[in-house]
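Novice:
Numbering (my numbering), first residue to last: 33 to 873.
1) Run through DSSP, which three-state label would residue 861 get?
2) Taking 8 Å as the threshold, find out whether the segment 803 to 814 comes into contact with the segment 759 to 773 through three or more Cβ pairs.
3) Quick check on the burial criterion: 16 or more other C-beta atoms within 10 angstroms. Buried or exposed for residue 16?
4) Three-state secondary structure (DSSP) at residue 633?
5) Whole angstroms are fine: how far does the CA of residue 605 sit from the CA of residue 588?
6) Considering Cα atoms alone, identify which of 129, 514, 508, 614 is closest to residue 159.
7) Need the endpoints of the beta strand (DSSP E) that residue 241 sits in, please.
8) Quick check on the DSSP output: what are the complete beta strand (DSSP E) runs of length 3 or more inside the segment 588 to 615, in order along the chain?
9) Would you be able to state if there are at least three C-beta pairs under 8 Å between the segment 615 to 631 and the segment 568 to 586?
10) For a minimum of 3 consecutive residues, which ranges assigned as the beta strand (DSSP E) are wholly contained in the segment 102 to 155?
11) Kindly list the residues whose CB is nearer than 8 Å to the CB of residue 860, restricted to its own chain and excluding five residues on each side of it in sequence; keep chain order.
12) Evaluate residue 462 with the Cβ neighbour count: other Cβ atoms within 10 Å of its Cβ, from every protein chain shown; 16 or more gives buried, anything less gives exposed.
13) Using only the alpha-carbon positions, how far apart do residue 183 and residue 191 sit?
14) Near residue 121, which residues of its chain fall below 8 Å by C-beta distance, leaving aside the five closest residues on each side in sequence?
15) Classify residue 620: buried if its beta carbon has 16 or more other beta carbons within 10 angstroms, exposed otherwise.
16) Would you kindly report the start and end of the unbroken alpha helix (DSSP H) that includes residue 793?
17) Taking three-plus beta-carbon pairs below 8 Å as touching, is the segment 558 to 572 in contact with the segment 60 to 79?
18) Taking all protein chains shown into account, do 16 or more other C-beta atoms lie within 10 angstroms of the C-beta of residue 368, making it buried, or fewer, making it exposed?
19) Taking the DSSP output, what are the residues bridged to residue 259?
20) Compute the beta-carbon to beta-carbon distance between residue 105 and residue 137, rounded to the nearest angstrom, for a pair I have assumed lies under 8 Å.
21) Rounded to the nearest angstrom, how far is the Cβ of residue 73 from that of residue 84, given a contact under 8 Å?
22) Within 8 Å, do at least three Cβ pairs link the segment 393 to 403 to the segment 472 to 484?
23) Going by DSSP, what residue range makes up the beta strand (DSSP E) through residue 61?
24) Count the other C-beta atoms from every protein chain shown that fall within 10 angstroms of the C-beta of residue 637, then say buried if there are 16 or more, exposed otherwise.
25) Around the Cβ of residue 758, are there at least 16 other Cβ atoms within 10 angstroms (buried) or fewer (exposed)?
26) Is the beta carbon of residue 810 sitting closer than 8 Å to the one on residue 771?
27) Tell me where the beta strand (DSSP E) around residue 360 begins and ends.
28) Identify the continuous alpha helix (DSSP H) that holds residue 218 and give its terminal residues.
29) In three-state DSSP terms, what is residue 847?
30) Can you tell me whether residue 524 is buried or exposed, with buried defined as 16 or more other CB within 10 angstroms of its CB?
31) How is the alpha helix (DSSP H) around residue 91 delimited, first residue to last?
32) Near residue 312, which residues of its chain fall below 8 Å by C-beta distance, leaving aside the five closest residues on each side in sequence?
33) Taking 6 Å as the limit between beta carbons, can you name the residues of its chain near residue 742, skipping five residues before and five after?
34) Whose C-beta lies closer than 7 Å to the C-beta of residue 634 among residues of the same chain, with five residues either side of it excluded?
35) Would you kindly check if the distance between the Cβ of residue 858 and the Cβ of residue 786 is under 8 Å?
36) Drop a sphere of 10 angstroms on the beta-carbon of residue 216, count the other beta-carbons inside from all chains shown, and report buried for 16 or more, exposed for fewer.
Here's what the structure looks like:
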């Protein structure tokens, strides 16, 4: 908590809110360790506060969900995310899974992440309830849908089976596209009656289009609900294909055999029973079984039996016999029972023993219609259960719900509304109460205006800050909208109130964080920009300084490429296009820019894809590296010049020394070739030639050693330095003092070469320019670092004029190549002191 106290105003109140929060709270370090927790967290996860503190977030997270926190924390540390809200699973101390809604907030100081504050809300029961309810819908034997604004908002799998379309196709296509043209008017009228409240629920039949282009008859039964805050229709859709086929057969029988009134009467009465919504399936079957015998040609000897799962219903004086007819009852292709008819006496054989062909059709129709009736009753039962669930949702929602009459009287309220009133006013609500008595004076005027707007048919939503009973304040989101009776008359106004104190505080904290971030960007010397749709959408003062343009001029440019040098524009346009299209553009690159005054500047850019005003955009930062580029160019030129100077020196050495020796050798050989008979002369000549040859070898050895000295790590450095001093003749010209430490470990060839070259370069400078009489060379080590000092008492020089020369630049670069540094202290008349430090390893 110390991190929070140091970074948030009024820490004592924050700590108190943290400790007594109704939600679980964690304070998590930047490396994912729980630093602090509260009582509610212990209650949710079963661990004590001490057991939780010191654990990593991964320790208590379900393995498959660990990436959620890891990915967010990694993104937050990189500055890509500020907060996170997600649902994830924790592991209770007992081992069971705990579902939680987690909100995570970043606490940072500048660019440094201090910690994360995590809010945990146990949603295990809600998840279990949602899963059960979803399983009920998905396993229903009828198609179930939610319809709103001309589209299906939800369909179950049975709906897809009936129509042949996938869930995605049904949800993304206007519902009217699935209706038969002739049935469109009735569908529109039925929808209007439900939405305008003329009827609570309605049942009708129509034809719907399947994916193969054919149409099937369906029975539609639906009622109005509220879906995502808006009025919608929830209903079921049952395939009537089998029933329609049976009804078609029945019509043909009626046409062909007009005298079969009894069969029709039986089916008619079954239809009547089916349409009585108040009757249960058992009541329908127990009544209908007595209507079957009178519909046959010999009712006096006919009995019937209906079977529905394990339930059996029989007609009066029931008796089985060998003269029987039976037909299975199906509900959506699943056998659920049977119809059996018996003759108790033998009659003349017609078709099936004593039964007529038409009676076979009759029993088939009975079985089909019973299946239809049972399916309908099951659907009605499911709808009733769904309504009860919706009522349970209303009672258990976070929102307080009030139904208020036009006269400002309380007509209805849910459990949350009563609890809130008890918290604020200290008493229970009751129907008929004057709603004015419930309102706080500070918000009464706003509530009254919203109420009057709702009476005029408007839907109003506001966020209000209200006062509690003891003077404390809290934020709430209020929605008010009109409610109508089935006949279209205004019933009153529905008011939904939700406590948003926590989210409002989070919003304010986020706003403060955004303001701090914006302040940081605005004060940054680096140029920051956002390019959207090819135009500059945002710049900070740093970019104004780099470009020479004002913010208004930059934002008013037709395209951002006006800042780019003409020769670079096509390349930069390609990079920008590739980044927008996510085609692998480089995140860092350089280009030449044109300032407002026409001067060319070298710019280093780091850019990434982002979203700005719901469109892909590029956010980036710019640094002016012109001085660095110019310095690199100057150094490259100096290196080339040094190489040319070295080549020239090699040529002069070969010309003045080796070549002269070889010329002399050639002259002796030419003379000797003419005096081959003079043995004494040839002997002297050979002796001279051998001496010349030794001198030539020594000169070449000296030159090669000067260019590429042998750096054997096993030989001591002092030996190499002594050879170097003697070669230059320093010991004969100056009073030389050397102090070379014996290192505990042999120096690497790389370190020896750097020391050798720097001493070589500085000795050359001293001989040429210093006019010195004394020289000190010291080489030692301290804390794994080699230190070299070369000091003379010569004429010195002005560092402002000569410090950036080629020789000094070469020495500096050699030291930097090993991660070291070089320093020079000189002034006219006071000699020069050069020192370097390089790591030994």
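Every residue gets a Cβ at the ideal spot worked out from N, C-alpha and C, and that includes glycine.
Specialist: In short:
1) coil
2) yes
3) No answer is possible for residue 16: the residues shown for the chain start at 33 and end at 873.
4) strand
5) 19 Å
6) 129
7) 233 to 241 is the span of the beta strand (DSSP E), which, as asked, contains residue 241.
8) none
9) yes
10) 115 to 123, 129 to 141, 144 to 154
11) Taken in chain order, the residues that qualify are 827, 828, 829, 830.
12) exposed
13) 14 Å
14) Result list for residue 121: 93, 94, 96, 97, 129, 130, 131, 132, in chain order.
15) exposed
16) 781 to 797
17) Judged by pairs of C-beta atoms under 8 Å, the segment 558 to 572 does not touch the segment 60 to 79, as fewer than three such pairs exist.
18) buried
19) 262
20) Not quite, the Cβ-Cβ distance comes to about 12 Å (not below 8 Å), so this is no contact.
21) 6 Å
22) no
23) 56 to 61
24) Residue burial is scored here from C-beta neighbours: residue 637 has at least 16 other C-beta atoms within 10 angstroms and is therefore classed as buried.
25) With fewer than 16 other Cβ atoms inside 10 Å of its own Cβ, residue 758 counts as exposed.
26) yes
27) For residue 360, the uninterrupted beta strand (DSSP E) run begins and ends at 355 to 363, by DSSP.
28) 216 to 227
29) helix
30) buried
31) Residues 89 to 92.
32) 409
33) Because residue 742 carries a pLDDT of 48, less than 50, the predicted location of this residue cannot be relied on, and the following value inherits that uncertainty. Counting only Cβ-Cβ distances below 6 Å, and skipping sequence neighbours, we find nothing.
34) 622, 624, 657, 658, 661
35) no
36) By the 10 Å Cβ count, residue 216 comes out exposed.
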